[in-house]
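Below is one structure, written out as structure tokens; comments come after it.
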Amino acid sequence: QDNEVLQQLSDKMEKTAAEDQSDELDQNPTFSDLNAKEILHTPAPSQASGSTDKTGSFEKNIGKRRKKLFRELTEEEKQAKVLYETAVMILNATTPDKKRAYDLFKQSAELNYYEAMKIVGQAYFYGDVFPQNLTAAKLWFEKLATEGSPFAQMYLGLMHATGLGVPPNLGKAIIYYTFAALGGDIWAQMIMGYRHWAGLGLKTNCESSLHHYKKVAKKVEEELSTNGGSAIQRVRLYDEFENLGSSSQLLDDDLIQYYQFLADKGDVQAQVGLGQLHYQGGRGVEQDHGRALNYFLQAADAGNANAMAFLGKMYLEGGTVVKQNNETAFKYFTMAAEKNNPVGQSGLGLMYLHGKGVPKDYNKAFKYFSAAANQGWVDGQLQLGNMYYSGLGIETDYKMAIKYYTMASQSGHVLAFYNLAMMHASGTGTVRSCSTAVELFKNVAERGRWGTNLMQAYNDYKEGRVNEALIKYIVLAELGYEVAQSNSAFILDRGDLDIVSKNETFFRALMYWSRAAGQGYSIARVKVGDYYYYGYGTEVDYEFAANQYRMASEQQHNAQAMFNLGYMHEQGLGMKKDIHLAKRYYDQAAETSTDAQVPVALALAKLGIVYSLQHIQELNFDALLPNINMNNILGPDWDLYIMTTLAVLLGVVVYFRRGPQG
1 QDNEVLQQLS
11 DKMEKTAAED
21 QSDELDQNPT
31 FSDLNAKEIL
41 HTPAPSQASG
51 STDKTGSFEK
61 NIGKRRKKLF
71 RELTEEEKQA
81 KVLYETAVMI
91 LNATTPDKKR
101 AYDLFKQSAE
111 LNYYEAMKIV
121 GQAYFYGDVF
131 PQNLTAAKLW
141 FEKLATEGSP
151 FAQMYLGLMH
161 ATGLGVPPNL
171 GKAIIYYTFA
181 ALGGDIWAQM
191 IMGYRHWAGL
201 GLKTNCESSL
211 HHYKKVAKKV
221 EEELSTNGGS
231 AIQRVRLYDE
241 FENLGSSSQL
251 LDDDLIQYYQ
261 FLADKGDVQA
271 QVGLGQLHYQ
281 GGRGVEQDHG
291 RALNYFLQAA
301 DAGNANAMAF
311 LGKMYLEGGT
321 VVKQNNETAF
331 KYFTMAAEKN
341 NPVGQSGLGL
351 MYLHGKGVPK
361 DYNKAFKYFS
371 AAANQGWVDG
381 QLQLGNMYYS
391 GLGIETDYKM
401 AIKYYTMASQ
411 SGHVLAFYNL
421 AMMHASGTGT
431 VRSCSTAVEL
441 FKNVAERGRW
451 GTNLMQAYND
461 YKEGRVNEAL
471 IKYIVLAELG
481 YEVAQSNSAF
491 ILDRGDLDIV
501 SKNETFFRAL
511 MYWSRAAGQG
521 YSIARVKVGD
531 YYYYGYGTEV
541 DYEFAANQYR
551 MASEQQHNAQ
561 AMFNLGYMHE
571 QGLGMKKDIH
581 LAKRYYDQAA
591 ETSTDAQVPV
601 ALALAKLGIV
611 YSLQHIQELN
621 FDALLPNINM
631 NNILGPDWDL
641 YIMTTLAVLL
651 GVVVYFRRGP
661 QG
């Protein structure tokens, strides 16, 4: 049904595009063609239009680059390299001068230095340091693509897929994405995984999606296993707008300052909380291991077991703030474990499991992991799963491995998702399920470091850089992030953009609402219904709108969808007029959400009036009363007049029933 949304959308787009498209662009598919092809399942790249594109020389260009790497540099190339390395040094300085660094990157890029060209192309694309200029970005990416750059091929694919800076051409986009993915570009692999999974521009193919997502998830797993990772923030702009700018997902600056004040005054819980916040990042706070170390040391000195355990983690992992030190890690873990702290117990288990600073001892590792897991600590659960899976010191038991991986995954542990995905992909300890494996791998892929771009996009939006925010969200939407799809739709829905013409905003918004709805976001499903109900970016289609509301009502129990279904049954829009069904849906909406109770009360009061009028007519009082037609008496918006009157009356009643004040 999501495909039906985009199919109907494409019909409207084709009509508009036919009127607006200039002769110069006649040889390329329009934006409407893009969506039509996505739904009609564009054939494989070898069959798609544009198959003779310059990306066909991919292998030859890669060979040229390899030869260039193994010969002596020319004077110009040496100069370009010096400019690039100087720019990097400036960026990494204690007080970086970003403008000067990027000017040097541009000079290096103009001398054809490969890495500098990538940075300059991105800077123009995102509007980072340089003013946003999609035409300039395209030129740099094309120059890189002639060198066989998978990075540039991915960006060119993205531009052709979204119609940013170029006429939309899904055939070219798929070709660019395909070559970029073959060349090892992680984002291209993620895009291809998502498109095969959702059936966007390609036939739905679970195994192909699995192939691509597995590669991306493996990269994420390796990075998390080595360096850990920061929390990925997923702020919904729609929720913030509905809640008048507040977001429960982010900490207010004043609240953080208050915690810092408490921590500075010696409040141990505030010290531990801020330490964990800076250690992991998230809630609008950037990862900062230096601050985390400072807070943990203060709390540990006061005897806090959690702080001791996290100090153990920091010394075990090592990094830029503290050097890896097994002896210090063991000391802090032991101090925490003696206080029955699960983080400390799990840390000791890890050291005994791998023999880090202590003799390898699977029995002790199992004991400590079990103690931590029994207290609900996710790392303990994960490691117990690993021991059962690999048979380390115990008999291999895949069922028990799945049990503990599942427990850890319920707390959001990314490595647990990865291990479960691997088991479902291979059918180890469970029935093989490609769809389950893909969903799990997709979850892991979206925890990669690039997910932090969600927060960058959010910050751009809050600072009024709406075009820059939209670009970032659109890129992440292509990668398959549902929250980026819904945020892109939200921004497009509100308009006032320079990079998208006004006659395209509703078309594009509907496309992204549809994609977000396809990933289970109920508000997006309701929005799709609204667009078809009011005819935003498409023809009015009450039946299709009702179908979208029904899906949101039945699958996600959305109160707004229930209310809308009640109204459509009451009015006979897109479905049979039925007052009894209308009342049922109104009642369901009130039961589902307290926010719906007042509008439902008004709707039911109005429904009672309508029912009474119908009942009078059914009694056949023609001789006493003329046939009552509210449309003739009050006009087509008579129901709104009645609801407004009832609302005013309700307000008057509440006012006089409040009793004396003061």
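Residue numbering for the sequence shown follows full-length UniProt numbering, starting at 1 and increasing by one per position.
All C-beta atoms in this analysis are idealised placements derived from N, C-alpha and C, irrespective of residue type, glycine included.
Met387 sits buried, since 16 or more C-beta atoms from the chains shown fall within 10 Å of its C-beta.
The residues Tyr194, in chain order, have a CB closer than 6 angstroms to that of Gly480 in the same chain once the five nearest residues on each side in sequence are set aside. DSSP, read as helix, strand or coil, puts Val129 in coil. If you draw a straight line from the Cα of Tyr542 to the Cα of His212, it comes to about 39 angstroms. Between the stretch 424-439 and the stretch 449-468 there are fewer than three C-beta pairs closer than 8 angstroms, too few to call the two in contact.
Two segments are said to touch when three or more pairs of C-beta atoms, one from each, lie closer than 8 angstroms; by this definition the stretch 366-373 does not touch the stretch 321-331. About 13 angstroms separates the Cβ atoms of Tyr126 and Phe141, ruling out a contact at the 8 angstroms cut-off. Within a 10 Å sphere around the beta-carbon of Gln233 sit 16 or more other beta-carbons, which makes this residue buried.
The three-state reading of DSSP puts Val88 in helix, counting H, G and I together. Here Pro131 is not near Gly183, since their CB atoms are 8 angstroms or more apart. Each of Asn294, Val88, His413 was checked against the Cα of Leu224, and the nearest Cα belongs to His413.
A distance below 6 angstroms between beta-carbons, with the five flanking residues on each side excluded, links Met335 to the following residues of its chain, in chain order: Met308.
The C-alpha of Lys214 is placed about 12 angstroms away from the C-alpha of His424. Assignment of Val285 by DSSP, reduced to helix, strand and coil, places it in the strand class. Scanning Asp267, Tyr405, Val268 for the CA closest to the CA of Val378 turns up Tyr405.
Straight across, the Cα-Cα distance linking Arg494 with Arg449 is about 29 angstroms. For Gln556, the enclosing alpha helix (DSSP H) begins and ends at 542-556. Non-local beta-carbon contacts of Ala552 in its own chain, meaning distances under 6 angstroms to residues more than five positions away in sequence, involve Ser522, Arg525, Val526, Asn558, Ala561 in chain order.
Fewer than three Cβ pairs drawn from the stretch 482-497 and the stretch 152-172 lie within less than 8 angstroms of each other, which leaves the two stretches out of contact. A distance of 8 angstroms or more separates the beta carbons of Ala421 and Ala198. Residue Met568 holds the alpha-carbon nearest to the alpha-carbon of Lys577 among Met568, Tyr585, Arg584.
Three or more pairs of CB atoms, one per stretch, sit closer than 8 angstroms, so the stretch 77-84 contacts the stretch 106-113. A distance below 8 angstroms separates the beta carbons of Ser346 and Ala372. Assignment of Met455 by DSSP, reduced to helix, strand and coil, places it in the helix class.
Restricting attention to Asn304, His289, Tyr238, the CA atom closest to the CA of Ala270 is found in Asn304. Burial state of Tyr586 is buried, judged by a 10 Å Cβ sphere holding 16 or more other Cβ atoms.
Membership of Pro342 in the alpha helix (DSSP H) is indicated by the continuous run 342-354. Put simply, of Gln375, Asn341, Leu91, Asn325 the residue whose alpha carbon is nearest the alpha carbon of Met351 is Asn325.
Taking C-alpha positions only, Thr538 is separated from Lys323 by approximately 60 angstroms.
Between Gly529 and Ala545, the C-beta gap is smaller than 8 angstroms, which places the two residues in contact.
In the structure shown, the three-state DSSP call for Ile119 is helix. Between Val129 and Lys99, the C-beta gap is smaller than 8 angstroms, which places the two residues in contact. In the structure shown, His278 falls within a helical segment according to DSSP collapsed to helix, strand and coil.
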